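Peer 1:
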Amino acid sequence: MAWILAVVVFFLDISLRIFFGLGPASPDILLLALLYITLKYPVGEAYCIAFLSGFSWDTVFMDNLGLHSFLFVIAAMITVRLCRLIWVQYAISRLVIGAAACGLVRFGEVIFWLSNLDQNAPIYMPERYIITGAIVTGVIFFLMPWRTTPINLPRRNPQTIFAER
Amino acid sequence: MLYSSKRTAPKRKKKIVILSPKMLGIAFILISLFLLLFGSGDDQQIASAPFSRFLLAPVSAIQSVRNFCVDLVGGLKSNLNAKDELAVIKEEVEQLRKENQELLYKLRRHDHYREAFNLPHEEGMPVIIGVVVMRPERMAQSLIINRGVDDGLSVNMPALSQEGLVGRTTRKLTRHRAEVMPITDPRSAVGVYIKGTPYEGILRGTEDGNNLLMTDRFLNTQGDETIVPKPGDIVYTSGHGAVFPRDIRAGVISDATSDKGIVVQPVVDINSVKAIMVLADNELRKEMLSLLDEQ
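Quick mapping for you: the protein sequence lines, in order, are chains V and A. So in my numbering, the last spot in the first sequence is 166, and the numbers never skip. So in my numbering, the last spot in the second sequence is 332, and the numbers never skip.
So, in structure tokens, the structure goes:
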């Protein structure tokens with residue numbers, strides 16, 4: 002199911018960009034789907050999907066192979082870490098996760114492009130690209146309907162988790 | 038005594054799991070880094086693979102559907118005022134016929150002079166025609182065409198359509214695909230002059246992606262300051278910078294009184310262009326580019 006979702010969202014994202022010409026302030030729909038898969042499906046499966054979708058993304062958008070697969074896997078790993086610290090059932094937590102993941106991916110893209118492609122970097126006003134993208138993606142993840150499952154943390158509660166740290 | 042401090046539970050050996058999700062993630066990161074470091078050469082030519090073609094086929098199909106929809110809507114719109122357009126086109130055709138005859142006459146005279154002075158014939162510019170397979174529109178405007186390094190494309194080649202200037206190729210090149218940065222992109226800058234006036238300048242893309250802005254205006258000849266640019270004047274490439282050849286139509290002035298610069302409407306509609314002609318390198322351009330690289 003996760004694989005089908007990833008393939009459908011991948012082509013949906015590309016279709017939306019082709020049809021409506023989504024600009025830099027558009028949300029990263031594929032990244033949102035990856036975050037959803039990371040939080041809802043087994044982690045190993047999520048890493049595989051993150052790597053392959055990043056690889057496909059690089060192939061379609063003619064980026065350097067490995068750039069998006071690297072960033073997507075890192076984003077998935079950070080999400081796994083974050084969801085242990087903050088409860089994903091809360092919308093505000095999802096906003097933080099979405100914004101952080103998108104900010105990380107876009108920051109990584111910009112750093113790589115600016116250091117590697119010089120004047121041919123496919124961005125204009127990178128700070129706006131990063132900030133607006135992160136905010137929009139976070140807000141959409143915030144608004145995403147989420148089935149509220151009971152929080153299951155055996156023998157631990159959030160206070161002890163934070164106290165340990 | 039239920040609890041004895043001396044009794045200790047047997048120590049459990051920690052299992053080292055190699056195929057854990059964490060290790061899988063680390064392995065993927067290492068593979069990605071390997072691809073990033075060794076996947077592309079110095080000239081950014083990413084090796085094209087069957088996977089790329091397999092993936093691009095549905096993307097091209099999506100682009101074709103979008104083009105079809107745009108054509109359909111455009112066709113329906115234009116049918117409403119087809120009669121008026123036909124009259125305008127007829128007038129234009131007549132005018133072009135006259136211009137064509139004049140140009141043919143001039144060309145013949147030009148050839149006669151060349152023969153009389155025993156001058157060599159001018160080298161023609163080879164053209165590579167590509168079809169737009171995708172408009173990513175992710176960060177900035179760009180077009181991806183179905184021609185690449187194998188077809189003779191390289192970085193900074195001028196791209197044209199029948200109407201005029203489209204843009205130039207960027208460093209994103211593969212064996213069978215290339216990215217074209219249109220002149221409407223905010224990063225684009227083209228040296229231009231205004232026909233009928235002594236003004237030259239730099240034509241830049243704007244953020245909205247629909248108009249162009251001619252900035253850094255200067256006079257190329259003295260004494261003609263009275264001739265000012267006005268709406269309707271045509272802007273041509275000046276040939277400065279060695280990327281674009283001279284006298285390619287770039288746009289038409291729509292507003293000459295703006296504070297930011299002269300507002301120019303591009304002659305080519307980037308959103309609807311389907312085929313692109315890329316001017317390939319000839320010997321003269323190669324020499325000029327090599328000189329620029331040395332500098």
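Glycine included, every Cβ here is placed at the ideal spot set by N, Cα and C. This one's a predicted model, so the numbers in the text were calculated from it and none came from an experiment.
Buried or exposed for A34(V), please, with buried defined as at least 16 other CB atoms from any protein chain shown within 10 angstroms of its CB.
Peer 2: Counting from 1 along the first sequence, the entry for residue 34(V) is found at position 33. Buried.
Peer 1: Could you name the residues of chain V that Q100(A) contacts, counting a contact when the two beta carbons are closer than 8 Å?
Peer 2: As a first step, residue 100(A) must be located in the second sequence, where it is residue number 63. In chain order: I19.
Peer 1: Report the neighbours of E216(A) on chain V: residues whose CB is nearer than 7 Å to its CB, in chain order.
Peer 2: In the second sequence, the residue the question calls residue 216(A) occupies position 179. Those within 7 Å of E216(A) in chain V are M63.
Peer 1: So for E237(A), helix, strand or coil by DSSP?
Peer 2: If you number the second sequence from 1, residue 237(A) lands on position 200. Three-state result, E237(A): strand.
Peer 1: Could you name the residues of the same chain whose beta carbon sits closer than 8 Å to that of S198(A), not counting the 5 residues immediately before and after it, in chain order?
Peer 2: Indexing the second sequence from 1 puts residue 198(A) at position 161. Correct list, in chain order: V305, V310, A312, I313 and M314.
Peer 1: Anything in the stretch 135-149 of chain V with a Cβ closer than 7 Å to a Cβ of chain A? List those residues in chain order, please.
Peer 2: Within the stretch 135-149 of chain V, no residue has a Cβ that lies closer than 7 Å to any Cβ of chain A.
Peer 1: Just to make sure I have the definition right: I need the residues of chain V whose C-beta is within less than 7 Å of the C-beta of P58(A). Which are they?
Peer 2: Mapped onto the second sequence, residue 58(A) falls at position 21. The contacting residues are V44, G45 and Y48.
Peer 1: Got a sec, what are the start and stop residues for the alpha helix (DSSP H) I5(V) sits in?
Peer 2: Sequence index remark: in the first sequence, residue 5(V) carries index 4 (1-based). Looking at the DSSP string, the run of the alpha helix (DSSP H) that includes I5(V) is A3 to F21.
Peer 1: So if I threshold CB-CB distances at 8 Å, which residues from the stretch 6-18 of chain V count as touching chain A?
Peer 2: Answer set for the stretch 6-18 of chain V: F12, I15, S16 and R18.
Peer 1: Pick from V110(A), P223(A) and F281(A): whose alpha carbon is nearest that of P197(V)?
Peer 2: Residue 197(V) lies beyond the range of chain V shown here (2 to 166); nothing can be said about it.
Peer 1: Counting beta carbon pairs with one atom in the stretch 90-103 of chain V and one in the stretch 129-141 of chain V, are three or more of them shorter than 8 Å?
Peer 2: Contact holds: three or more Cβ-Cβ distances are below 8 Å.
Peer 1: Using C-beta distances below 6 Å, list every residue in its chain close to N257(A), excluding the 5 sequence neighbours before and after it, in chain order.
Peer 2: In the second sequence, residue 257(A) corresponds to position 220, counting from 1. Counting only Cβ-Cβ distances below 6 Å, and skipping sequence neighbours, we find P235 and E237.
Peer 1: Cβ of T60(V) less than 9 Å from any chain A Cβ?
Peer 2: The residue you call residue 60(V) lines up with position 59 of the first sequence. Cβ-Cβ to chain A under 9 Å: yes for T60(V).
Peer 1: Of all Cβ atoms in chain A, is any one closer than 9 Å to the Cβ of L66(V)?
Peer 2: For the purposes of this step, residue 66(V) is taken as the residue at position 65 of the first sequence. Yes - at least one Cβ of chain A is within 9 Å of the one on L66(V).
Peer 1: Could you tell me which residues DSSP puts in a beta bridge with T263(A)?
Peer 2: Mapped onto the second sequence, residue 263(A) falls at position 226. According to DSSP, which records beta bridges pairwise, T263(A) is partnered with nothing at all.
Peer 1: Between the C-alpha atoms of H33(A) and P163(A), what's the straight-line distance to the nearest angstrom?
Peer 2: Residue coverage of chain A in this structure runs from 38 to 332, which leaves residue 33(A) outside it and unanswerable.
Peer 1: Out of R90(A), P266(A) and M171(A), which has the shortest C-alpha to C-alpha gap to S179(A)?
Peer 2: Position 142 of the second sequence, counting from 1, holds the residue named residue 179(A). Closest by alpha carbon: M171(A).
Peer 1: Closest Cβ-Cβ distance between V89(V) and chain A: below 9 Å?
Peer 2: Position 88 of the first sequence holds residue 89(V). No, its Cβ sits nowhere closer than 9 Å to a Cβ of chain A.
Peer 1: Taking V169(V) as the query, report the chain A residues whose CB atoms sit under 8 Å from its CB, ordered along the chain.
Peer 2: The structure shown has nothing for residue 169(V), since chain V only spans 2 to 166.
Peer 1: Based on Cα-Cα distance, which residue from A26(V), G24(V) and I38(V) lies nearest to V9(V)?
Peer 2: Residue numbering aside, residue 9(V) sits at position 8 when the first sequence is read from its first letter. Cα-wise, what sits closest to V9(V) is I38(V).
Peer 1: Check each candidate in K267(A), T263(A), G204(A) and T243(A) and name the one with the smallest Cα separation from I285(A).
Peer 2: Residue numbering aside, residue 285(A) sits at position 248 when the second sequence is read from its first letter. When only C-alpha atoms are compared, the closest one is G204(A).
Peer 1: On the CB-based measure, 16 or more other CB atoms within 10 Å of its CB, does Y230(A) come out buried or exposed?
Peer 2: By 1-based counting over the second sequence, the position of residue 230(A) is 193. Flag for Y230(A) reads buried.
Peer 1: Who are the neighbours of F88(A) on chain V, taking C-beta pairs under 9 Å?
Peer 2: Taking the first residue of the second sequence as position 1, residue 88(A) is located at position 51. Here the neighbours are F56, S57 and T60.
Peer 1: What's the gap between the Cα of A7(V) and the Cα of I239(A)?
Peer 2: Translated into the one-based positions of the first sequence, residue 7(V) becomes position 6. Translated into the one-based positions of the second sequence, residue 239(A) becomes position 202. The alpha-carbon atoms of A7(V) and I239(A) are separated by roughly 44 Å.
Peer 1: Which one of P146(V), V44(V) and I141(V) has the shortest CA to CA distance from A26(V)?
Peer 2: The residue you call residue 26(V) lines up with position 25 of the first sequence. Closest by alpha carbon: I141(V).
Peer 1: Starting from T294(A) and walking both ways along the beta strand (DSSP E), at which residues does that stretch end?
Peer 2: Translated into the one-based positions of the second sequence, residue 294(A) becomes position 257. Segment: none, T294(A) is in no beta strand (DSSP E) and carries neither H nor E.
Peer 1: Rounded to whole angstroms, what is the Cα-Cα separation between P219(A) and I307(A)?
Peer 2: Position 182 of the second sequence, counting from 1, holds the residue named residue 219(A). Position 270 of the second sequence, counting from 1, holds the residue named residue 307(A). If you take the alpha carbons of P219(A) and I307(A), they lie about 7 Å apart.
Peer 1: Measure the Cβ-Cβ separation of L36(V) and A77(V) and say whether it is below 9 Å.
Peer 2: For the purposes of this step, residue 36(V) is taken as residue 35 along the first sequence, with counting starting at 1. For the purposes of this step, residue 77(V) is taken as residue 76 along the first sequence, with counting starting at 1. Taking 9 Å as the Cβ cut-off, L36(V) and A77(V) qualify as a contacting pair.
Peer 1: Could you please give the first and the last residue of the uninterrupted alpha helix (DSSP H) stretch that includes Q74(V)?
Peer 2: Residue 74(V) sits at position 73 when you count from the first residue of the first sequence. The identity of residue 74(V) in the sequence shown is Val, whereas the question assumes Gln. Run containing V74(V): L68 to L86, per the alpha helix (DSSP H) assignment.
Peer 1: How big is the Cα-Cα spacing for R212(A) and E128(A)?
Peer 2: Indexing the second sequence from 1 puts residue 212(A) at position 175. Indexing the second sequence from 1 puts residue 128(A) at position 91. So the two alpha carbons sit approximately 44 Å from each other.
Peer 1: Check I83(A) in the structure and name its three-state DSSP category.
Peer 2: Counting from 1 along the second sequence, the entry for residue 83(A) is found at position 46. Because the pLDDT of I83(A) is 49, which lies under 50, any placement of that residue in the model is unreliable, and the number read from its coordinates should be weighed accordingly. Of the three classes helix, strand and coil, the one that applies to I83(A) here is strand, per DSSP.
Peer 1: Is the stretch 41-50 of chain V in contact with the stretch 182-193 of chain A, if contact means three or more CB pairs nearer than 8 Å?
Peer 2: Counting Cβ pairs under 8 Å, fewer than three are found: no touch.
Peer 1: Does chain A have any CB closer than 9 Å to the CB of I75(V)?
Peer 2: The residue given as residue 75(V) occupies position 74 in the first sequence. Chain A, which has a Cβ nearer than 9 Å to the Cβ of I75(V), makes this yes.
Peer 1: Less than 8 Å between C-beta atoms, sequence neighbours within five positions excluded: which residues of the same chain meet that for A94(A)?
Peer 2: Taking the first residue of the second sequence as position 1, residue 94(A) is located at position 57. For A94(A), where only same-chain residues beyond five positions count, there are no Cβ hits under 8 Å.
Peer 1: Under 9 Å between the Cβ atoms of R129(V) and D29(V)?
Peer 2: Counted from its first residue, the first sequence places residue 129(V) at position 128. Counted from its first residue, the first sequence places residue 29(V) at position 28. No, they are not a contact pair.
Peer 1: Can you confirm whether S69(A), when its beta carbon is compared against all beta carbons of chain V, has any partner nearer than 9 Å?
Peer 2: On the second sequence, residue 69(A) is found 32 positions in, with the first residue counted as 1. At least one chain V Cβ lies under 9 Å of S69(A).
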